[in-house]
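Before any comments, here is the structure.
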Amino acid sequence: WKGFLKDLDSHISKECPFEKVLCQQCGQVTALRSVIETHMKNDCKKRPVKCPRCGIEDEVKAYYVSALTHSTLVNEHYKTCPKWPMRCPNRCDPQLTFTRDGLQEHLASDTECPEKEIDCQFASVGCKEKRKLRYMDEHIQETTSEHLTLLMEITYDLRMLILL
-4 WKGFLKDLDS HISKECPFEK VLCQQCGQVT ALRSVIETHM KNDCKKRPVK CPRCGIEDEV
56 KAYYVSALTH STLVNEHYKT CPKWPMRCPN RCDPQLTFTR DGLQEHLASD TECPEKEIDC
116 QFASVGCKEK RKLRYMDEHI QETTSEHLTL LMEITYDLRM LILL
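Residue 155 in the numbering used here is what sits at position 160 of the sequence shown, and the numbering runs on without skipping anything.
Encoded structure:
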């Protein structure tokens, strides 16, 4: 540094690259001013980041909006991120991943996840069978006469109500 002695304090407190300074983001790391920027951009747990999946940069908390930080991304945000990759909890296909919102659709449907347990399509007329989707066609084929009997009973009951 070259300058006037009267400016030394100002130089040390504002611009000296060899002065140790505290990280303004996390308040936990002290480093030389010349390297603190690198810490703040690349290493600081409180550095602002953008979610690589959904692109969000700010998180809405109960009463305020805060910048998404590296720490909240790895510790909290991924638990609710709608675009975070997930596998089906029914393990229908270990190679298949869904986004969180896509997984909700996959699990909600009675026609997508072959490992989801569903009611028989004749449940409304009295069939009590529950099976995984992948085995439901087999049940339908094996119990055609029982299902027809249930339909006949319902039809008979409805006919009796109409005639009364």
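We put the beta carbon where it would ideally sit given N, CA and C, even for glycine.
When you compare the region 113 to 123 with the region 134 to 146, are there three or more beta-carbon pairs, one atom per stretch, that lie closer than 8 Å?
With the cut-off at 8 Å, the region 113 to 123 and the region 134 to 146 touch.
May I have the straight-line CA-CA distance separating GLU141 from TRP79, to the nearest angstrom?
In the sequence shown, the residue the question calls residue 141 occupies position 146. In the sequence shown, the residue the question calls residue 79 occupies position 84. Whole-angstrom Cα-Cα distance: 45 Å.
Suppose you measure from the CA of THR94 to the CA of GLU100; what does that come to, to the nearest Å?
On the sequence shown, position 99 is the one that residue 94 refers to. On the sequence shown, position 105 is the one that residue 100 refers to. Approximately 10 Å between the Cα atoms of the pair.
Would the region 17 to 37 count as touching the region 0 to 8 if we require 3 or more Cβ pairs under 8 Å?
Contact fails: fewer than three Cβ-Cβ distances are below 8 Å.
Can you check whether the CB of GLU52 is closer than 9 Å to the CB of ALA62?
For the purposes of this step, residue 62 is taken as the residue at position 67 of the sequence shown. For the purposes of this step, residue 52 is taken as the residue at position 57 of the sequence shown. A contact, by the Cβ cut-off of 9 Å.
As a quick exercise: from SER8, LYS111, MET81, pick the residue whose alpha carbon is nearest that of ARG28.
Here residue 28 refers to the residue found at position 33 when the sequence shown is read from its first residue. Nearest C-alpha to ARG28: SER8.
With a CB to CB cut of under 6 Å and the five nearest residues on each side skipped, what residues in its chain are close to ARG129?
The residue given as residue 129 occupies position 134 in the sequence shown. Excluding residues within five positions, the ones whose Cβ falls inside 6 Å are PRO109.
Of the choices ARG86, LYS41, LEU91, whose alpha-carbon is the least far from that of GLU112?
Within the sequence shown, the letter at position 117 stands for residue 112. Here the closest residue by C-alpha is ARG86.
Counting only the same chain and skipping the five closest in sequence on each side, list residues whose C-beta sits under 8 Å from that of LYS45.
As a working mapping, residue 45 is identified with position 50 in the sequence shown. Within the same chain, LYS45 has close Cβ partners ILE51, GLU52, LEU63.
With DSSP run on the structure shown, which of helix, strand or coil describes GLU112?
The sequence position of residue 112 within the sequence shown is 117, counting from 1. Looking at GLU112 - three-state DSSP - the assignment turns out to be strand.
Starting from the Cα of PRO43, find the closest Cα among VAL69, GLN136, ARG126 and give me that residue.
Taking the sequence shown and counting its residues from 1, one reaches residue 43 at position 48. Measuring from the Cα of PRO43, the nearest candidate turns out to be VAL69.
Give a yes or no on whether the minimum CB-CB distance between VAL44 and chain D is below 9 Å.
Absent from the structure is chain D; it holds one protein chain and no more.
Does the separation of the CB atoms of LYS40 and SER66 fall below 9 Å?
Here the question's residue 40 lines up with position 45 in the sequence shown. Here the question's residue 66 lines up with position 71 in the sequence shown. In contact: LYS40 and SER66 (Cβ atoms closer than 9 Å).
Kindly indicate which three-state DSSP category ALA57 falls into: helix, strand or coil?
In the sequence shown, the residue the question calls residue 57 occupies position 62. Because ALA57 sits at a pLDDT of 49, beneath the cut-off of 50, its placement in the model cannot be relied upon, and the following sentence gives the value as read from the coordinates. In this structure, ALA57 counts as coil in the three-state DSSP scheme.
Which first and last residues belong to the beta strand (DSSP E) in which LEU27 is found?
Within the sequence shown, residue 27 is the residue found at index 32, counting from 1. That run of the beta strand (DSSP E) goes 25 to 27.
Mapping DSSP to helix, strand and coil, what is ARG95?
Here residue 95 corresponds to residue number 100 of the sequence shown, with the count starting at 1. Helix, per DSSP.
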